[in-house]
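Throughout, the numbering used here is defined as the position within the sequence shown, counted from one, plus 255. Here the structure is laid out as structure tokens; the discussion comes afterwards.
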Amino acid sequence: RWTLLVCSFFLASALGQMNFTGDQVLRVLAKNDKQLSLLRDLEGLKPLKVDFWRGPARPSLPVDMRVPYSELKDVKEYLESHGLAYSIMIKDIQVLLDQEREAMAKSRRLERSTSSFSYSSYHTLEEIYSWIDSFVTEHANIVSKIQIGQSFENRSILVLKFSTGGFQRQAIWIDTGIHSREWITHATGIWTADKIVSEYGKDCILTNILDTMDIFLEIVSNPDGFAFTHSMARMSGAPTSGNGLSNQVIHPGLSQNRLWRKNKSSRPGVACIGVDLNRNWKSGFGGNGSNDNPCSETYHGPYPHSEPEVSAIVKFITDHRNIKALISIHSYSQMLMYPYGYSLEPVSSKEELCNLSKSAAQALYKVHGMQYTYGSISTTLYMASGVTVDWAYDSGIKYSFSFELRDTGQYGFLLPATQIIPTAQETWMAIRTIMIHTLNHPY
Ligand SMILES: CC(C)C[C@H](C(=O)O)[C@H](C)S
Ligand SMILES: [Zn+2]
């Protein structure tokens with residue numbers, strides 16, 4: 256077992272891939288705020304002690320954290336010495352990664368031999384971008400492709416526009432993949448795009464929506480981070496990036512980390528790479544629930560909208576002037592939340608947003624029986640400052656929601672591809688509920 260561990264580690268490292276052999280995800284149940292702060296103390300250390308998959312929120316919510324194999328003994332002693340109860344959620348991350356990689360390779364072979372695209376598989380950035388081109392060509396009567404900007408590493412930032420005509424119509428904005436490791440969200444975005452074109456003219460609710468409003472869908476909102484979760488593809492000249500110890504230092508040669516969350520921006524004199532694109536927005540920027548430590552996974556960046564991936568969306572939505580709903584899709588935990596993240600204060604439209612999220616969660620539940628909790632970000636999950644939906648709401652987009660898709664922690668970010676379609680199907684019913692409400696309640 257030990258030799259297997261060592262050789263797979265060296266093989267992967269030789270390939271420049273971050274290796275997670277022996278890494279575990281522990282689920283910790285903090286009994287009180289004191290225990291929560293003991294967990295928070297483990298964040299952003301050098302070398303990395305833990306990578307929070309579900310950060311410390313409230314005693315009733317479990318904390319899921321990836322612990323590198325080398326730190327397991329230390330961290331478990333730390334937990335035990337402080338009376339922090341934990342269970343092992345994932346015994347060896349690399350096992351799940353190997354299964355995921357194998358499933359992708361198998362699907363790729365099938366796609367190539369049948370020159371078809373599989374909506375029930377995960378794909379690389381290149382595969383998604385070429386799917387976008389063929390999808391837009393095939394449905395040119397209703398879909399077009401817009402480039403809203405370029406990422407830090409100069410990749411195109413693409414948005415699909417679904418429109419049946421008109422000019423600057425009222426519109427719905429949907430983004431997936433702003434956190435690159437949340438692969439189920441990109442896959443859900445792709446399936447949703449296909450659902451929209453297949454249902455137009457069939458589903459009267461969707462047809463009503465598209466006869467009056469446009470839909471904008473940004474599938475890969477963090478292309479550099481996403482490429483890094485897959486790749487060997489390192490942009491020439493782009494700085495190589497931190498290792499799996501969550502961007503602690505810049506290690507030449509590491510060109511892949513499946514569990515990367517942030518973007519890939521780097522700045523002179525800053526030891527760690529990447530800004531959390533869901534902390535870089537102006538509203539509540541730098542407040543509680545974001546981190547000024549560049550090595551933290553929730554690092555908010557040097558100033559609001561400093562990141563090209565965020566400023567591109569800000570510019571697009573601001574210039575458009577007629578976006579009436581914004582849906583920002585993340586994973587995991589199965590939650591549907593509305594602003595605020597930066598404050599415990601209820602938003603002015605709290606009642607309406609609460610009722611709408613309840614009906615959306617019910618519509619979702621009816622499909623496959625998946626339970627979603629709903630409520631405001633700060634009261635349902637944790638304080639999170641500088642998030643997309645707070646900026647949207649404060650910019651006047653009343654119907655602003657953040658989804659956290661499947662699951663609740665068995666697989667976390669490593670959700671098997673077999674769950675892509677069921678997840679997308681149920682999410683669609685919730686998105687559709689929000690869209691029809693927006694159509695019927697102009698403001
Ligand atoms: C609106 C926030 C709380 C969403 C959350 C995050 O960005 O931390 C994602 C689930 S990763
Ligand atoms: Zn996320």
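Even for Gly, the Cβ is constructed at its ideal location relative to N, Cα and C. Just so you know, these numbers come straight off a predicted model, no measurement behind them.
Simplified DSSP assignment, three categories, for residue i
| i | result |
| --- | --- |
| I460 | helix |
| Q290 | helix |
| S385 | helix |
| S336 | helix |
| E473 | strand |
| S640 | coil |
| E659 | strand |
| I348 | helix |
| I699 | The first residue shown for the chain is 256 and the last is 698, placing residue 699 beyond what the model contains. |
| H692 | helix |
| Y648 | helix |
| F307 | strand |
| T431 | strand |
| Q680 | helix |
| Y654 | strand |
| Q674 | helix |
| S354 | Correcting the residue identity first, residue 354 is Gln in this sequence and not Ser. In this structure, Q354 counts as helix in the three-state DSSP scheme. |
| Q617 | helix |
| A482 | helix |
| V530 | coil |
| V525 | coil |
| P563 | helix |
| N610 | helix |
| D329 | helix |
Residue i - partner residues in DSSP beta bridges
| i | result |
| --- | --- |
| N546 | Y554 |
| A426 | D469, I578 |
| K400 | L415 |
| S281 | With the sequence shown as reference, residue 281 is identified as Leu, and Ser is not the correct amino acid for it. Answer is M320, I343. |
| T628 | M590 |
| Q511 | Q272 |
| Q405 | S411 |
CA-to-CA distance, residue j to residue i, given in whole angstroms
| i | j | result |
| --- | --- | --- |
| I652 | L365 | 43 Å |
| V644 | G630 | 13 Å |
| S583 | T258 | 44 Å |
| Q511 | H696 | 45 Å |
| M273 | L380 | 18 Å |
| T634 | D458 | 35 Å |
| N409 | A482 | 12 Å |
| N502 | G271 | Its pLDDT being 41, under 50, N502 is placed unreliably in this model, and the coordinates cannot settle the point. |
| A285 | L294 | 8 Å |
| G444 | I427 | 14 Å |
| A671 | W515 | Before going on, a small fix: residue 671 reads as Pro here, not Ala. Each residue's alpha carbon lies about 18 Å from the other. |
| I578 | D449 | 22 Å |
| A312 | L291 | 8 Å |
| S342 | D278 | 14 Å |
| Y554 | N535 | 8 Å |
| G641 | A567 | 16 Å |
| V530 | N396 | 38 Å |
Within-8 Å CB hit, residue i to chain C
| i | result |
| --- | --- |
| K613 | Note that chain C does not occur in the displayed structure, where there is just one protein chain. |
Take every Cβ of the stretch 642-661, pair it with every Cβ of the stretch 332-341, and state whether three or more of those distances are shorter than 8 Å.
no
Segment contact flag, the stretch 556-567 with the stretch 663-674, C-beta cutoff 8 Å, min 3 pairs
no
Contact between the stretch 461-475 and the stretch 411-425: three or more CB pairs below 8 Å?
yes
On the three-pair Cβ rule with 8 Å, is the stretch 546-560 touching the stretch 313-324?
no
Could you say if the stretch 679-687 and the stretch 595-609 meet the contact criterion of at least three C-beta pairs nearer than 8 Å?
no
Is there contact between the stretch 302-309 and the stretch 354-361, where contact requires at least three CB pairs shorter than 8 Å?
No: fewer than three Cβ pairs fall under 8 Å.
Cβ contact (3+ pairs, closer than 8 Å) linking the stretch 394-411 and the stretch 518-537:
yes
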